[in-house]
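> Sharing a structure below in C-alpha cells format, with a few things to ask.
Here it is, written out as C-alpha cells:
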C-alpha cells in the first residue's frame, strides 16, 4: 500500500468494524431482488439463484428502474405459476451504495473477461472506510469456497496494490469550493481560460505568463499549459498528501517540461547523420550473457553508466509508485549530467571533429542511447512530447531491424511510441575501450576527483571572466602543477585521459585533451613545475581530491588558468592554431579528408 501508513489505517478500521447491514430504505439506488410472502410474513423471503438471474436479465434489457415500474409478477421467472407469483410482493429496500460500488471489481473486470485481481486501485484517504474496504469485503466473501473437508477457504483481495492520494487544494492551502470560487479544474490547466488561453503557449521558452488573481488561480485566468504539463505536475508532487495547486507551481512545472523538451530536441538535432545499424555496432559487442558497450572516451562511458543507472532507478521508482522520485531522478540526470556537463563538453567534438571519426561517433552513440531510453521512460508521464519526438525523429524513421541482441530493442515497424518496449538495463556493461592510462582504480572515486577538478577550473575561469580576460572558456589554457602528494589526483586524471604517466614523474608538461574537453578550455596540461610567463593568469590550490583549498599547506597541486599559448583557430575557435586566423592541426586534417 502507498503510502505505507495506509496499511495500519485500513487494518485498524477492518478490525474495529461491526456487522454490515447492506439494505437501505431509500426511494433510489439499486433494488435488492428479494420477494416477500404476502400471505405469511414469517415465511422465508424468496431470493434464489433462479429469481436473481431472471431479475438480472430484466435489468440487462430495461435497466434497474424496471423493478419500480413493473408488477411483481413480471419480475418473477416464468417457471413459476400465476397462482404462486400472486403470493409475493417485491421488496422496497435498496443496496447500500458502498456494497454497490464495492462490487465494481466484478462488473469491471470479471464480467468483461479481464484478468483479476486488478493491479491497482486509486482513491483518497476517506476511502479506507469506504470503497477500499467494501471492495475487499465483497471479494473475500464472494470468491470463497468450501473444500472437501467442509473447511471454508476465504477468497482474496480484488486488487494487488492500493494507492491512497491526498486532495488538491488551492494555492493558499484551502479546500477548493465552488461557493468560494477557488476551484481549478484539469480542463482549466490544460485548455486555459479567457484571454490567457488564447495567448498562452510559452513560445521561445519565455514561459506562459498569464494574469491570475492570487495564488489560488481559481478567480483568475489560466493559460493553456497542455496535458503534458498537468501530468508532469501530478507525478512531481507528493500526491499521497494534500497538494496545493497554484499558478506559480504550474509555471515551474512548465519550465521543467520545457527543459526536458529542449534536451530531447538537442539530442534529436545531433543525431541527423547517425545511422544505428552502421555506427552503433562499432561500440557494441555481444557476450554470452551480456551486452558490452565500449566508448572512445571515459566521459562517454561515464554518461552512459549514469544513463543506465538513472533508467534503472526511475523504472524501479515508477513500479513502486514513487512518482516524485521517478520524476526527480530523470530531471536530475537531464539537468546535471546532460545539460550542465555532457552537452557542453562534447560540443566541439560534434561540430568540429571528422564526420565519421571515432570520437564523434562515440559521442553520438551516447546521445542515441540517451534519446532512445529517455523517450521511452518519459512516455507514461509526457506522452504528447514523446510521441512528437518519435514522429519527427530521423533515427526512428530509418531504424533497421538490427541483428541479434539489438533487434528486440529496435522500433522496427512500430508506428507510435506507445508500441515501444520498456527499456531494460540489466544486461548492459559499459566501459571505455582499451587505452594506455591506469586501469586499477576505483572508477567512481576517480570520476569524483575528475569532476571536482572541473569545478575548480570553472571557479577560476569565472574570476577571469569577471575581469574581462576571457569571454568563452576556450579563451584560456589550464596548467596543473603537481606535488609529490598529488598521486591520487594524478592517477584519476591518467585514468580519465588515457595517458600512461603524468607530471610528477616526467620533466615536461603532459597534455590532457580529455580534461580540456571536460573543462571546455583550449588545452589542459600537467607538469611538476612550470616557469613559463603569461600575459595574464589566475591561480588557486587544489587538494588530492581536486577540490579548491585556500591554504597552500593543504594543497596537492596548483591550478593555473592562463593566456592560451597558441592562436585562435578560424574553424573551431580554440586557441590551438600556430597563429590567429590559421587552422589548428585537427581542423586542417578534417578539411583535407573532406
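Residue numbers (full-length UniProt numbering): 1 to 594.
We put the CB at the ideal spot given by N, CA and C, even for glycine.
Owing to the predicted nature of the structure, the values given are computational and were not obtained by experimental measurement.
Is it true that the CB of residue 292 sits closer than 8 Å to the CB of residue 443?
Position 443 of the chain shown, counted from the first residue, corresponds to residue 443. Position 292 of the chain shown, counted from the first residue, corresponds to residue 292. In this structure, residue 292 does not lie closer than 8 Å to residue 443 by Cβ.
> In chain order, what residues of the same chain have a beta carbon less than 7 Å from the beta carbon of residue 520, not counting five sequence neighbours either side?
On the chain shown, residue 520 is found 520 positions in, with the first residue counted as 1. Here the set comprises 344, 345, 473, 474.
> Determine whether the beta carbon atoms of residue 340 and residue 164 lie at a separation below 8 Å.
As a working note, residue 340 is residue 340 in the chain shown. As a working note, residue 164 is residue 164 in the chain shown. Taking 8 Å as the Cβ cut-off, residue 340 and residue 164 do not qualify as a contacting pair.
> So, is residue 178 buried or exposed, given that buried needs 16 or more other C-beta atoms within 10 angstroms?
For the purposes of this step, residue 178 is taken as the residue at position 178 of the chain shown. The residue in question, residue 178, is exposed, as its Cβ has fewer than 16 Cβ neighbours within 10 Å.
> Which runs of the beta strand (DSSP E) spanning at least 3 residues fall entirely within the stretch 118-203, listed in chain order?
With a minimum length of 3 residues, the continuous beta strand (DSSP E) runs that stay inside the stretch 118-203 are 121-124, 162-165.
> Alpha carbon to alpha carbon, how far is residue 609 from residue 317?
As shown, the chain starts at 1 and ends at 594. That puts residue 609 outside it, with no answer to give.
> What runs of the beta strand (DSSP E), each 3 residues or longer, lie entirely inside the stretch 447-472?
none
> If you run the structure through DSSP and keep just helix, strand and coil, what is residue 223?
For the purposes of this step, residue 223 is taken as the residue at position 223 of the chain shown. Correct three-state label for residue 223: coil.
> Helix, strand or coil, according to DSSP, for residue 53 in the structure here?
One-based indexing of the chain shown puts residue 53 at position 53. The answer is helix: DSSP assigns residue 53 an H, G or I state.
> Residues in its own chain within less than 8 Å of residue 385 by CB, not counting five upstream and five downstream?
By 1-based counting over the chain shown, the position of residue 385 is 385. Contacts found: 228, 257, 260, 261, 264, 378.
> Tell me whether residue 380 sits in a helix, a strand or coil according to DSSP, three-state version.
Residue 380 sits at position 380 when you count from the first residue of the chain shown. Shown here, residue 380 sits in coil according to DSSP, grouped into three states, outside any helix or strand.
> For residue 47, name the three-state secondary structure that DSSP assigns.
Mapped onto the chain shown, residue 47 falls at position 47. Reduced to three states, the DSSP call for residue 47 is coil.
> Do you know offhand how far residue 160's Cα is from residue 74's?
The count along the chain shown starts at 1 and reaches residue 160 at position 160. The count along the chain shown starts at 1 and reaches residue 74 at position 74. Answer to the nearest angstrom: the Cα atoms are 42 Å apart.
> Return the residue from the list 516, 461, 477 that minimises the CA-CA distance to residue 496.
The sequence position of residue 496 within the chain shown is 496, counting from 1. The shortest Cα separation from residue 496 among 516, 461, 477 belongs to 516.
> Per DSSP, which one or two residues make a beta bridge with residue 37?
Taking the first residue of the chain shown as position 1, residue 37 is located at position 37. Answer is 88, bridged to residue 37.
> From the DSSP output, which residues share a beta bridge with residue 245?
Looking up residue 245 in the chain shown gives position 245. The partner list for residue 245 (beta bridge, DSSP) is empty, contrary to what the question assumes.
> Have a look at the DSSP bridge pairing and note the partners of residue 295.
Here residue 295 refers to the residue found at position 295 when the chain shown is read from its first residue. Answer is 432, bridged to residue 295.
> Does the beta-carbon distance from residue 583 to residue 570 come in below 8 Å?
If you number the chain shown from 1, residue 583 lands on position 583. If you number the chain shown from 1, residue 570 lands on position 570. A contact, by the Cβ cut-off of 8 Å.
> Does DSSP put residue 313 in a helix, in a strand, or in coil?
Sequence index remark: in the chain shown, residue 313 carries index 313 (1-based). If DSSP states are grouped into helix, strand and coil, residue 313 belongs with the helices.
> Here's a check: name, in chain order, each residue in its chain whose Cβ is nearer than 7 Å to the Cβ of residue 39, leaving out the five neighbours to either side.
For this step, residue 39 is matched to residue 39 along the chain shown. Around residue 39: 87.
> Tell me whether residue 16 is buried or exposed, calling it buried when 16 or more other Cβ atoms sit within 10 Å of its Cβ.
Along the chain shown, read from residue 1 onward, the residue named residue 16 stands at position 16. Exposed, by the Cβ-count rule.
> I need the boundaries of the alpha helix (DSSP H) containing residue 112, first residue and last residue.
To locate residue 112, count along the chain shown from 1; it is residue 112. Premise fails: residue 112 is in no alpha helix (DSSP H) and is neither H nor E.
> Roughly how many whole angstroms lie between the Cα atoms of residue 168 and residue 244?
Translated into the one-based positions of the chain shown, residue 168 becomes position 168. Translated into the one-based positions of the chain shown, residue 244 becomes position 244. One C-alpha to the other measures close to 6 Å.
> Decide if residue 31 is buried, meaning its Cβ has at least 16 other Cβ atoms within 10 Å, or exposed.
Taking the chain shown and counting its residues from 1, the one referred to as residue 31 is at position 31. Buried, because 16 or more other Cβ atoms sit within 10 Å of the Cβ of residue 31.
> Could you give the C-beta distance for residue 389 and residue 268, rounded to a whole number, given that I count them as a contact under 8 Å?
Here residue 389 refers to the residue found at position 389 when the chain shown is read from its first residue. Here residue 268 refers to the residue found at position 268 when the chain shown is read from its first residue. Rounded, the Cβ-Cβ distance is 6 Å, consistent with contact.
> In this structure, what does DSSP give as the bridge partners for residue 538?
Position 538 of the chain shown, counted from the first residue, corresponds to residue 538. 561, per the DSSP bridge assignment.
> Where do the N-terminal and C-terminal ends of the alpha helix (DSSP H) with residue 585 fall, by residue?
The count along the chain shown starts at 1 and reaches residue 585 at position 585. Here the alpha helix (DSSP H) through residue 585 covers 585-593.
> Here's the rule: buried if 16 or more other CB atoms are within 10 angstroms of the residue's CB, otherwise exposed. What is residue 422?
Counting from 1 along the chain shown, the entry for residue 422 is found at position 422. When all chains shown are included, residue 422 counts as exposed.
> Provide the residue span of the alpha helix (DSSP H) that contains residue 99, from first to last.
Position 99 of the chain shown, counted from the first residue, corresponds to residue 99. Segment 97-102, the alpha helix (DSSP H) holding residue 99.
> Across which residues does DSSP place residue 31 in a beta bridge pair?
Against the chain shown, residue 31 aligns to sequence position 31. For residue 31, which the question treats as bridged, DSSP gives the partners 94.
> Is it buried or exposed, residue 216, if we count other Cβ atoms within 10 angstroms and call 16 or more buried?
The residue you call residue 216 lines up with position 216 of the chain shown. Residue confidence for residue 216 is low, a pLDDT of 46 falling below 50, so the modelled location carries little weight; the figure read from the coordinates is stated next. Buried is the call here.
> For residue 562, count neighbouring C-beta atoms within 10 Å of its own C-beta (all shown protein chains included) and say buried if the count is 16 or more, exposed if not.
By 1-based counting over the chain shown, the position of residue 562 is 562. Looking at its Cβ environment, which holds 16 or more other Cβ atoms inside 10 Å, residue 562 is buried.
> Measuring alpha carbon to alpha carbon, tell me which of 41, 49, 554, 529 ends up nearest residue 33.
Here the question's residue 33 lines up with position 33 in the chain shown. Closest option to residue 33, Cα to Cα, is 49.
> Please work out which residues of its chain come closer than 7 Å, Cβ to Cβ, to residue 230, disregarding the five sequence neighbours upstream and downstream, and give them in chain order.
Indexing the chain shown from 1 puts residue 230 at position 230. So the qualifying residues of the chain are 186, 189, 190.
> Whole angstroms are fine: how far does the CA of residue 272 sit from the CA of residue 479?
Against the chain shown, residue 479 aligns to sequence position 479. Against the chain shown, residue 272 aligns to sequence position 272. Spanning the two alpha carbons is a distance of roughly 37 Å.
> Measure the C-alpha to C-alpha separation of residue 432 and residue 298 and round it to an integer number of angstroms.
Numbered from its first residue, the chain shown carries residue 432 at position 432. Numbered from its first residue, the chain shown carries residue 298 at position 298. Using only the alpha carbons, I get a separation of about 6 Å.
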